[in-house]
Ligand SMILES: Nc1ncnc2c1ncn2[C@@H]1O[C@H](COP(=O)(O)OP(=O)(O)O)[C@@H](O)[C@H]1O
Ligand SMILES: [Mg+2]
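Residue numbers (our numbering): 2 to 321.
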């Protein structure tokens with residue numbers, strides 16, 4: 002890739018005392034990409050993001066945004082990008098509109114048409130005081146603030162928390178439009194279902210270690226899907242045994258269900274040799290993959306996967 006990465010994290014380590022929150026993490030994000038950063042609470046997502054934004058000082062390693070060094074060029078980085086922190090603190094006495102005007106003026110002006118477009122699309126109510134907002138509305142205001150100056154790079158720390166499903170869809174559309182126009186989106190989440198429909202690539206982090214960076218399309222190919230077939234007559238189970246990628250076949254009279262991996266075609270080829278009436282396939286079970294990543298890592302580390310991480314960021318994200 003000859004293009005300068007939009008975001009580079011290079012050997013990033015952050016220690017708090019003797020505790021290593023982020024351990025030698027490296028990845029690049031390219032212009033036009035939507036990059037999901039996934040990990041359970043306490044994994045090191047916010048710490049990584051804070052290092053990229055020079056809100057904390059790395060113990061070692063470097064971060065760059067559009068080729069600018071996070072430490073040396075922090076002011077310019079903050080001018081260029083949009084950022085939604087996980088602990089967005091705002092002024093409870095200001096309305097959403099006043100907040101937008103104030104922070105917009107600090108940036109050198111407010112694009113009112115853009116603000117109106119964003120708040121309409123996200124169904125954000127800017128008229129009331131921020132102190133009276135629901136968590137969802139505060140999150141929507143945070144998204145408006147991150148996008149209102151049409152930045153080329155947005156960094157969003159758990160942006161989907163508190164958004165209802167319709168708003169999530171519109172938010173995803175917004176991210177896709179930005180990426181299609183060559184912009185870069187970095188978003189963190191602790192659940193894969195929040196990013197699976199929108200991310201081009203995902204990185205998995207746990208206990209400060211980067212476990213894997215994968216293309217979403219490849220993950221989806223690896224995912225197991227469940228298929229249910231209805232036949233006109235009872236079919237023998239053995240007809241479905243030994244088909245490539247197919248496992249766990251259960252037959253209940255004329256109903257056959259199975260799990261399959263990769264292409265559905267070999268299974269359908271066999272089904273059509275019989276009197277098949279209907280086929281339904283459940284959505285991709287990426288949660289399973291997500292858990293498997295962690296299980297592998299946990300086994301390697303000799304850890305207990307059910308033990309919650311004991312160190313957590315306090316949940317002080319509310320504007321009082
Ligand atoms: N300022 C800090 N001082 C001490 N420990 C911290 C600090 N910030 C984060 N941590 C710890 O570092 C780990 C990673 O935190 P964080 O990056 O906030 O996780 P995530 O955003 O993935 O939930 C957690 O165990 C957290 O308690
Ligand atoms: Mg966090």
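Just so you know, even glycine gets a beta-carbon here, dropped at the ideal spot from N, CA and C.
As the structure is a prediction and not an experimental result, all values here were calculated from the model.
Item	Value
Beta-carbon proximity list for residue 108, same chain, < 7 Å, skipping 5 on both sides	150
Cβ neighbours of residue 268 in the same chain (closer than 6 Å, five flanking residues each side left out)	244, 247 and 261
Burial state of residue 233, where buried means 16 or more other Cβ atoms lie within 10 Å	exposed
Nearest neighbour of residue 53, chosen from 220, 30 and 42 [CA to CA]	30
Among 140, 207, 231 and 89, the one whose alpha carbon lies nearest that of residue 125	140
Cβ-based neighbour list, residue 4, same chain, cut-off 8 Å, excluding 5 preceding and 5 following	31 and 32
Residue 86 beta carbon near ligand 1 (any heavy atom closer than 8 Å)	no
Cα-Cα separation between residue 167 and residue 226, rounded to whole angstroms	25 Å
Candidates 256, 66 and 276, of which the one nearest residue 228 by Cα	256
Residue 260 - DSSP class collapsed to helix/strand/coil	strand
9 Å Cβ cutoff met for residue 37 and residue 204	yes
Opposing strand residues paired with residue 220 [DSSP bridges]	According to DSSP, which records beta bridges pairwise, residue 220 is partnered with nothing at all.
9 Å Cβ cutoff met for residue 198 and residue 214	no
7 Å CB neighbourhood of residue 102 in its chain, flanking five on each side removed	111
Buried or exposed by the 16-neighbour rule on C-beta atoms within 10 Å, applied to residue 136	exposed
Option nearest residue 90 by Cα separation, candidates 169, 131, 239 and 6	131
Residue 19 - DSSP class collapsed to helix/strand/coil	coil
Secondary structure of residue 63, DSSP reduced to three states	strand
Test item: CB-CB of residue 120 and residue 145 under 9 Å	yes
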